[in-house]
Amino acid sequence: MKRFPQIRPAALDPAHQNWWVRDGLRPETHRLQIAGHDAEQLLRHVDRPLFAYDLDRVEANYMRLHNAFARHGHPFQVFFAVKANRFRPIVETLRATGVAGIDAASPREVLYALEMGFPAEKITFTNVSVSHRDLEQLKGLPIMLNCDSLSVINKVADVDPGRAIGLRINPQVGVGINDNLTYAGQRATKFGIYLDRLPEALELIRKRGLRLQGLHMHVGCGWTGSAITQYFQAVDRLTAIARDVIDTHGPLEYLNFGGGLGVPLTAGDGSVDVNLYAEGIVERVRQLGLGIKVCVEPGDYIVKDSGVLLSEVVMVEEKGGTEFVGVNTGFNVHTGASHYGLYQEFVHTTRADFGPEKNVTIVGNINEVIDVFAADRPMPLIEEGDILAMLNAGGYGASMMMEHCLREPAMQMGLSQKGNPFAQSFDS
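In this text, residue positions in the sequence shown follow this note's numbering: the first is 601, and each later residue adds one.
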């Protein structure tokens, strides 16, 4: 995998020092609070690395996006990409909204969504390198099933003759926070059916007796702010393709525009204007007529800023002119910095509103050189035994945990200030 330097924030000044403060996440008398709970005390309670999630934030993020679409009066569905975080209290919180759907990337995620009480009609499945065995597990389920290749089209026809399918299109327009998280564009990727093979795919659907139900794309992850302009270029490309398909092969029931919306990771990042996002998609689809349902499938936007990863400082030591701060967790628990080159904001849980004293490099406990969370980062005084919080840890953290070096995984905990019935749950 190509390596990328971690994105650096704007210069730290008093105006930017606590840029991350919001409802449910703020310092009180210097101590970091999440969903009304003292962050340091949460970790002292469990005595191991801990993901703490604000379930109220999860619900608010989902409903903000849902309502942005609902105001247009056009058929739509917001699916949650459950691969971002499958922690039961989070999934239960979304199910309890009564409107959420699930985007699944494996048969097991489909079965998990069904187990959690989501109706099959509110589940969409899109994956790559799909096998006959995968499809046998989905046979007969009235989910949206998007085929990523001609190979999958043939396999679906073998396993589940006559069923309705969607096609995942690679529009060759991509947008992501960096190249590691850009799924389409000029560089060839494994994702989707390219336009030069779309006529072949459509003919294969006809010959194999399947029914085309919709089109799908997913062009990248983590984009925010002004990147919405580039995202709309991909939307324009998919709607133009849809127009051609409708004209030559008949009506479509849905267009799925994927996920990818991010959250600010630094003081200099913009936010996604969800009203502009929803309006831009709906207005383009309306031009096609026929009441085609709009579908989107965000993950990070729903959960990323709901979670913090709490860990204990176990080493503070200068080596080779660099002040290293070692914590009792590593990329086995969160891969954002090591694998994707993402900037991870750290906050000292008992000096949460203190200014920086020196620059440090925060590292994990895995025997790999890439196990670095934050390089040359201005931080308050840090001592061994202190507790640090890594912000924006709610997505693609716990769901990707591994047992590398047989290091223990983190625990998970759901929190709420608003009486969420699924709060105070643990999962190890």
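Backbone N, C-alpha and C define an ideal beta-carbon position, used for all residues, glycine too.
Helix, strand or coil: how does DSSP classify H732 here? In the sequence shown, counting from the first residue as 1, residue 732 sits at position 132. Three-state result, H732: helix.
Measuring only the C-alpha atoms, how far is R886 from H674? Against the sequence shown, residue 886 aligns to sequence position 286. Against the sequence shown, residue 674 aligns to sequence position 74. Approximately 8 Å between the Cα atoms of the pair.
Quick one, which of R977, Y712 and G964 has its alpha-carbon nearest C588's? Examination of residue 588 is not possible in this model, given that the chain is present from 601 through 1028 alone.
Nearest-angstrom Cα separation, counted from T922 out to N875: The residue you call residue 875 lines up with position 275 of the sequence shown. The residue you call residue 922 lines up with position 322 of the sequence shown. Rounded to the nearest angstrom, the two C-alpha atoms are 45 Å apart.
Runs of beta strand (DSSP E) wholly within the stretch 732-761 (minimum 3 residues, chain order): 744-747
Does DSSP classify M663 as helix, strand or coil? Locating residue 663 in the sequence shown gives position 63, counting from the first residue. Looking at M663 - three-state DSSP - the assignment turns out to be helix.
From K739, I881 and S751, pick the residue whose C-alpha is nearest to that of D760; which is it? Counted from its first residue, the sequence shown places residue 760 at position 160. It is K739 whose Cα lies nearest to the Cα of D760.
N- and C-terminal bounds of the beta strand (DSSP E) containing H816: Within the sequence shown, numbered from 1, the residue matching residue 816 stands at position 216. Unbroken beta strand (DSSP E) run through H816: R811 to H816.
Option nearest P864 by Cα separation, candidates Q1017, A652, S906 and V691: As a working mapping, residue 864 is identified with position 264 in the sequence shown. That would be S906, whose Cα lies nearest to the Cα of P864.
Answer with buried or exposed for Q1024, where buried requires no fewer than 16 other C-beta atoms within 10 angstroms of its C-beta. In the sequence shown, residue 1024 corresponds to position 424, counting from 1. So Q1024 ends up on the exposed side.
Does DSSP put V885 in a helix, in a strand, or in coil? Looking up residue 885 in the sequence shown gives position 285. Helix, per DSSP.
Does the beta-carbon of G762 have 16 or more other beta-carbons within 10 angstroms, so that it is buried, or is it exposed? Taking the first residue of the sequence shown as 1, we reach residue 762 at position 162. Looking at its Cβ environment, which holds fewer than 16 other Cβ atoms inside 10 Å, G762 is exposed.
Taking only three categories from DSSP, how would you classify K807? Numbered from its first residue, the sequence shown carries residue 807 at position 207. In the structure shown, K807 sits in a helix (DSSP, three-state: H, G or I).
Between the stretch 938-948 and the stretch 1013-1021, do at least 3 Cβ pairs fall closer than 8 Å? Touching, no, given that fewer than three Cβ pairs across the two stretches are closer than 8 Å.
Under 8 Å between the Cβ atoms of E897 and D734? Position 297 of the sequence shown holds residue 897. Position 134 of the sequence shown holds residue 734. No, these two residues do not count as a Cβ contact at 8 Å.
If you measure between the beta carbons of A998 and P649, is that distance less than 8 Å? Here residue 998 corresponds to residue number 398 of the sequence shown, with the count starting at 1. Here residue 649 corresponds to residue number 49 of the sequence shown, with the count starting at 1. No, Cβ-Cβ distance for A998 and P649 is not below 8 Å.
Tell whether a beta-carbon distance below 8 Å holds between D654 and L694. Here residue 654 corresponds to residue number 54 of the sequence shown, with the count starting at 1. Here residue 694 corresponds to residue number 94 of the sequence shown, with the count starting at 1. Cβ distance not < 8 Å, so D654 and L694 don't count as in contact.
What are the boundary residues of the beta strand (DSSP E) that includes L838? Within the sequence shown, the letter at position 238 stands for residue 838. Looking at the DSSP string, L838 is not in any beta strand (DSSP E); the run it does join, the alpha helix (DSSP H), is I828 to H849.
Straight-line Cα distance separating E957 from L981: The count along the sequence shown starts at 1 and reaches residue 981 at position 381. The count along the sequence shown starts at 1 and reaches residue 957 at position 357. The straight-line gap from Cα to Cα measures roughly 6 Å.
Going by DSSP in three states, H939 sits in which element: helix, strand or coil? In the sequence shown, residue 939 corresponds to position 339, counting from 1. Three-state DSSP puts H939 in a helix.
When DSSP labels each residue in this structure, what does G880 get in the three-state scheme? As a working note, residue 880 is residue 280 in the sequence shown. In the structure shown, G880 sits in a helix (DSSP, three-state: H, G or I).
Taking a contact to mean a Cβ-Cβ separation below 8 Å, would you say L815 touches L838 in this structure? Along the sequence shown, read from residue 1 onward, the residue named residue 815 stands at position 215. Along the sequence shown, read from residue 1 onward, the residue named residue 838 stands at position 238. Contact check for L815 against L838 passes: the beta carbons are separated by less than 8 Å.
Between the beta-carbon of R631 and the beta-carbon of A952, is there less than 8 Å? Taking the sequence shown and counting its residues from 1, one reaches residue 631 at position 31. Taking the sequence shown and counting its residues from 1, one reaches residue 952 at position 352. Yes. Within cutoff.
Between which two residues does the beta strand (DSSP E) harbouring A652 extend? Indexing the sequence shown from 1 puts residue 652 at position 52. For A652, the uninterrupted beta strand (DSSP E) segment begins and ends at L650 to D654.
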